[in-house]
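One gets the numbering used here by counting positions in the sequence shown from 1 and adding 59 to each.
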Amino acid sequence: MADVLVVGSIGLDTVETPFGKVREVLGGSASYFALSASYFTKVKMVSIIGSDFPPEHLDRLRSKSIDVSGVEKVESKNFRWHGKYEGRMNSAITIATSLGAFGDFKPKIPESFKKMKYVFLGNSNPNTQKTVLTQMERPNFVLLDTMNLWIENEYDALMDLIKGVHGICVNYEEALELARASNFGSVVSSLKDLGTKVLVIKKAEHGAVIAWGDKTFAIPTYPSIEVKDPTGAGDAFAGGFLGYIAKRESYTLTDLKFALIYGAVMGSITVENFGTKPLEMLNPAEIEKRFSKILEMISL
Ligand code: AMP
Numbered sequence: 060m061a062d063v064l065v066v067g068s069i070g071l072d073t074v075e076t077p078f079g080k081v082r083e084v085l086g087g088s089a090s091y092f093a094l095s096a097s098y099f100t101k102v103k104m105v106s107i108i109g110s111d112f113p114p115e116h117l118d119r120l121r122s123k124s125i126d127v128s129g130v131e132k133v134e135s136k137n138f139r140w141h142g143k144y145e146g147r148m149n150s151a152i153t154i155a156t157s158l159g160a161f162g163d164f165k166p167k168i169p170e171s172f173k174k175m176k177y178v179f180l181g182n183s184n185p186n187t188q189k190t191v192l193t194q195m196e197r198p199n200f201v202l203l204d205t206m207n208l209w210i211e212n213e214y215d216a217l218m219d220l221i222k223g224v225h226g227i228c229v230n231y232e233e234a235l236e237l238a239r240a241s242n243f244g245s246v247v248s249s250l251k252d253l254g255t256k257v258l259v260i261k262k263a264e265h266g267a268v269i270a271w272g273d274k275t276f277a278i279p280t281y282p283s284i285e286v287k288d289p290t291g292a293g294d295a296f297a298g299g300f301l302g303y304i305a306k307r308e309s310y311t312l313t314d315l316k317f318a319l320i321y322g323a324v325m326g327s328i329t330v331e332n333f334g335t336k337p338l339e340m341l342n343p344a345e346i347e348k349r350f351s352k353i354l355e356m357i358s359l
């Protein structure tokens, strides 16, 4: 079992959905990823917080054995995100983003983390993500998250970054945009051009697909869940996926298929209530229950 490193945001989120509203709760890509991956292996975090960040939030991460010694605290306001979901809640409408400390984030990987083998690059500017890669010493599997903003505005930097990672985790629209393709078939065939090995595509209520070389594998979404707040589902998915790979220390095709199902399970748990609470309150037996259910759905 190997530890996993996450580099990303720690936010104070205000989120509105048809089911209610929460104010300034623990959020950010690194928080969701870490809480999710902590059910599979030990997690180390590199991030930045402001002086107004409630210390008890860090204690909540520590209580899941998440190593927060790489979280830098600076004399400035914390990163805040205010988002809203409407209708089928498929995508977030950003009402306000206040970058604060995160705007000046220049990830500095502690010496003792540099040899870590499994790394998640949470969504941020690809130039910033690249500085993480250059500090790491021969990682086995680096998983990259990105978004339309960077695909549209930092395409060259993103393409350069992709050459150095092992996997990309994106939603369906981002995958099409990334591959400059109009359908899934051509996304897969342009994989080689992207110079990457593993492509994980999340399709919300329609499941998820993994493509690796000429192999693809698809799974459905876990059924009968009530979606109350989709925030963080993508990062929790990545946490289940990479957490499982780090636990196995292997990514054969079979490992990748299992990892995909664990990713879908962790995403399904996260959306059932607001913020990080569903991940924090989780009974690990629920993970295996949902894994078995998805397996049953794809078996003859
Ligand atoms: P997801 O729903 O998986 O896309 O991730 C949601 C999380 O991303 C929220 O908890 C936000 O705090 C965080 N977030 C929103 N915008 C940004 C941004 N520009 N950079 C980094 N993190 C962000």
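Using N, Cα and C, we set each Cβ at its ideal position, and we do this for glycine too.
Under DSSP, the beta-bridge partners assigned to N230 are K261. Our two residues, P185 and F350, have alpha carbons roughly 33 Å apart in a direct line. Boundaries of the beta strand (DSSP E) around L203: F200 to D204. Considering only A277, Q188 and S106, the residue with the shortest C-alpha distance to I221 is Q188. Of the other Cβ atoms in all chains shown, 16 or more fall within 10 Å of the Cβ of R139; this residue is therefore buried. For D288, the Cβ stays outside the 6 Å cut-off from all heavy atoms of the ligand AMP. Within its own chain, the residues whose Cβ lies closer than 8 Å to the Cβ of E285, once the five positions on either side in sequence are excluded, are E331, listed in chain order. The DSSP assignment places 185 to 194 as complete runs of the alpha helix (DSSP H) inside the region 158 to 206, in order along the chain (cut-off: 4 residues). For I328, the enclosing alpha helix (DSSP H) covers residues L312 to T329. Using a Cβ distance threshold of 7 Å, V66 and P166 count as a contacting pair.
Where K348 is concerned, there is no enclosing beta strand (DSSP E), although the alpha helix (DSSP H) around it starts and stops at P343 to I357. The beta carbons of I353 and Y281 sit closer together than 7 Å.
If you compare the alpha carbons of S88, D118 and V133 with that of S110, the shortest gap goes to V133. The ligand AMP approaches D72 closely enough that one of its heavy atoms is under 6 Å from the residue's Cβ. Not one heavy atom of the ligand AMP lies closer than 6 Å to the C-beta of S327. Shown here for L315: same chain residues with a beta carbon closer than 7 Å to its own, the five before and five after excluded, namely V257, I269 and W271 in chain order. For D72, the enclosing beta strand (DSSP E) begins and ends at G70 to T76. From the listed residues D72, G70, T335 and Y98, the smallest Cα separation to D62 is found for Y98. Look at G87: its beta carbon is less than 6 Å from one of the heavy atoms in the ligand AMP. When DSSP reads this structure, G109 sits in a beta bridge with V133. Short note on W140: C-beta closer than 6 Å to some heavy atom of the ligand AMP.
Excluding its 5 nearest sequence neighbours in each direction, M206 has C-beta neighbours in its own chain below 6 Å: N182, listed in chain order. Judged by beta-carbon spacing, A318 lies beyond the 7 Å limit of Y91, meaning their Cβ atoms are not closer than that value. Distances between the C-beta of S68 and the heavy atoms of the ligand AMP include at least one below 6 Å. Using a Cβ distance threshold of 7 Å, K143 and D126 do not count as a contacting pair. With distances taken between CA atoms, V201 lies nearest to Y310 out of Y310, S171 and H265.
Nearest to G293 by C-alpha distance, out of A89, F78 and L253, is A89.
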